[in-house]
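Mapping of the sequence shown onto the working numbering: position 78 corresponds to residue 1011, and the numbering continues sequentially without gaps.
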Amino acid sequence: MKQVVVSRPGGPDVLTFREAPHPQPRYGEVVVRVAAVGLNRADILQRRGYYPAPPGIDPDVLGLEFAGVIERVGEGVSGLSIGTGVMGIVPGGAYSEEIAVCAADILRCPRSSSLIEAAAIPEAFITAYDALVLQAGIRSGDRVLVHAAASGVGVAATQLAKAVGATVFGTTRSLPKMARLKEFGVDVPLLATERWDCQLLENTSGQGVDVILDLVGGDYVGNDLRVIANCGRIVIVGLLAGTAASVHLGTLLSKRVTMIGTVMRSRPSWERAKLAQDVQKHLIPLFETGAVRPVVDRVFRMDAVADAHRVMENNELVGCAVLVWN
């Protein structure tokens, strides 16, 4: 089978193909023939050498999410059979024609979604669901701020917040993207290059927001504290603006703010399995009812993977890009 690998840290041109043995399922695993792979910012960082794979994961093969059809079933697996359409998050290796995954970690694809659409669901929607629903505990009537609202996770988070009954504020650094944010449920788009914190406080009569999903980090965190309401919750998921932030601890204490950091990739298998069960039960039905939907901006053949990486690096996407094998 074919895999896309990183020959050395660098730009998109370091991505090459190699032949690898077909994986065989171990106890509790299934082998999935991958139809489509969601492209993530983490793929870019790993390709550059900034985001190493967890221990035990092949560092040369990128890819954190996939959709495909079960090809082989290992011993100890029940409830899944050959030919079932599935999707999921993996610690790495999704840029492969076939992948062996723990059966407890995967999800059945929504009946309303194609395999290409399903590939845009796992990382974006599970990250957003975990951060907003499980970590921050958003409720109907909350005011929610989503940074990088036009990104894959941002678009997913916006839809989930609206499905719960929240009012959504969303930032973006792009004027063309800002014009599109309302398509996905953002009530108040904010241009991040023009003091988004002042814009937000003006639109909330100085009250701020109850929940912030920060996909950017860096200097944004200081202003997060400025606009968060008393007893608000800030969940930091991404670090696009840097790993260091200046935080006024007096504000953190006086507002009684809960600040949460979270990441999906390094979680142990038991935690991923528990999350998959929760998502299958509570999140997937929202796709069936039309309350949320995957947003696929562009589809690339796997032999154009370098072009897909360039498009993401140029910040051209609204929602997700998907790579397909055929």
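Glycine included, every Cβ here is placed at the ideal spot set by N, Cα and C. Predicted model only: the values in this text are computed from it and were never measured.
Rounding to the nearest angstrom, what Cα-Cα distance links residue i and residue j in this structure?
| i | j | result |
| --- | --- | --- |
| L995 | G1085 | 18 angstroms |
| I1049 | L997 | 15 angstroms |
| M1197 | R1076 | 25 angstroms |
| G1001 | V967 | 4 angstroms |
| Y960 | L1186 | 49 angstroms |
| A1206 | S1138 | 43 angstroms |
| C1035 | R1005 | 12 angstroms |
| V1010 | A953 | 25 angstroms |
| K1095 | I1145 | 14 angstroms |
| V964 | T1191 | 40 angstroms |
| A956 | S1014 | For the sequence presented, residue 956 should be read as Pro rather than Ala. Taking the straight line from one Cα to the other gives about 17 angstroms. |
| L1219 | V1225 | 6 angstroms |
Mapping DSSP to helix, strand and coil, what is residue i?
| i | result |
| --- | --- |
| C1035 | strand |
| G1098 | coil |
| D976 | helix |
| P958 | coil |
| L997 | coil |
| M1245 | helix |
| P1122 | strand |
| V928 | Residue 928 is absent from the model: the chain starts at 934 and stops at 1259. |
| R1072 | coil |
| I1161 | strand |
| S1187 | helix |
| E1322 | For residue 1322 there is no data in the structure shown, the boundaries of the chain being 934 and 1259. |
| L1114 | helix |
| T1137 | coil |
| E1030 | coil |
Would you list the residues sitting across from residue i in a DSSP beta bridge?
| i | result |
| --- | --- |
| F1233 | L1256 |
| M1192 | I1167 |
| K935 | E952 |
| G1021 | F999 |
| L1093 | Answer is none; L1093 lacks a bridge partner. |
Suppose the cutoff is 7 angstroms on Cβ atoms and the five residues either side in sequence are ignored; what does the same chain contact list for residue i look like?
| i | result |
| --- | --- |
| V1308 | Given a span of 934 to 1259 for the chain in the structure shown, any question on residue 1308 remains unanswerable. |
| L1134 | G1141 and V1160 |
| T1060 | V1086, V1170 and M1197 |
Go through its chain and collect everything with a Cβ distance to residue i's Cβ below 6 angstroms, but skip five positions before and after it.
| i | result |
| --- | --- |
| A986 | P992 and G1025 |
| A1081 | G1087, L1148 and V1149 |
| R1113 | V1251 |
Give every residue of the same chain whose Cβ lies closer than 8 angstroms to the Cβ of residue i, excluding the five residues on either side of it in the sequence, and list them in chain order.
| i | result |
| --- | --- |
| K1188 | L1158, I1161, A1162, N1163, C1164 and G1165 |
| D946 | A1239 |
| L1172 | V1149, G1150 and G1151 |
| D1038 | G1021, I1022, V1023, S1202, R1205, A1206 and A1209 |
Using only the heavy atoms of the ligand SAH, determine whether one of them is closer than 7 angstroms to the beta carbon of residue i.
| i | result |
| --- | --- |
| E962 | In terms of ligand content, the structure shown is empty, and the ligand SAH therefore cannot be addressed. |
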